[in-house]
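A.B. asks: No gaps in the numbering here: position 48 of the sequence shown is 52 in this note's numbering, and each next residue is one more.
Note that CB positions come from ideal geometry on N, CA and C, so glycine has one too.
Below is the structure I would like to discuss, written out as structure tokens.
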Amino acid sequence: MKRVTLTTLVLLLLVAPLVAGSLALSLGTWNLPPSSGVVSEGSFVQVGGVWAFAPRWEVELFLISEATPNIGGQLLGGTALTLALLSPHNPPPEEAPLYLNLYLSLGFLGKFESASPAYGPFIRLSPLAVGGPRFKVRERSLNLSLFYNIPRNSVTIFWNLFLVDLFFKK
């Protein structure tokens, strides 16, 4: 019984910092060249969630949906692990946060369509990010990503003109 109690206590102590992170809803645009073969022409939106689990690290899950001409006509999904490069975006309460930051993300993107599959890793640079969990909002602008499409064995770029993160837990 002592061993079970001790194991449970240790696991709770290890998991507690993970629960203490900041959560956000992420909304924005998503674009790539139509010649990439990943999606057909149209406008796309990106919706997702961000969990800032450490002072410099966060995880993002997102869906990308066609907005025009066929709403929801094409769907993609992805995940990313992001590192804040200039300063912690979620510093301890006694530290003043830097309002401007730079982010580097590594992730995986996939298309929910078997007729023309597209999936693979991507690397994203967010050169201009203002705000953060303390400010309850953050805007990441001019994000540029390199995507390796495994089925086509090709590299293409995609970009977000902006992504707005609305933090609701600090």
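1) May I ask you to report which of helix, strand or coil DSSP gives R60?
2) Rounded to whole angstroms, what is the Cα-Cα separation between V49 and L29?
3) What did DSSP end up calling F126 once you bin it into helix, strand or coil?
4) Taking a contact to mean a Cβ-Cβ separation below 8 Å, would you say G52 touches L67 in this structure?
5) For the region 28-104, which segments carrying the beta strand (DSSP E) assignment without a break, of at least 3 residues, lie completely within its bounds, in sequence order?
6) Below 8 Å on the Cβ atoms is my contact criterion, and I expect T160 with P37 to pass it. Report the Cβ-Cβ distance as a whole number of Å.
7) Just the C-alpha distance for V42 and W34, rounded to the nearest angstrom, thanks.
C.D. replies: Well, looking at it:
1) Here R60 sits in coil by DSSP.
2) Distance between the alpha carbons of V49 and L29: 13 Å.
3) Secondary structure at F126: strand, using DSSP grouped into helix, strand and coil.
4) Their beta carbons are under 8 Å apart, which means G52 touches L67 by this criterion.
5) DSSP runs (the beta strand (DSSP E)) wholly in the region 28-104: 47-56, 61-72, 79-88.
6) Confirmed, about 7 Å.
7) When rounded, the distance between both Cα atoms is 13 Å.
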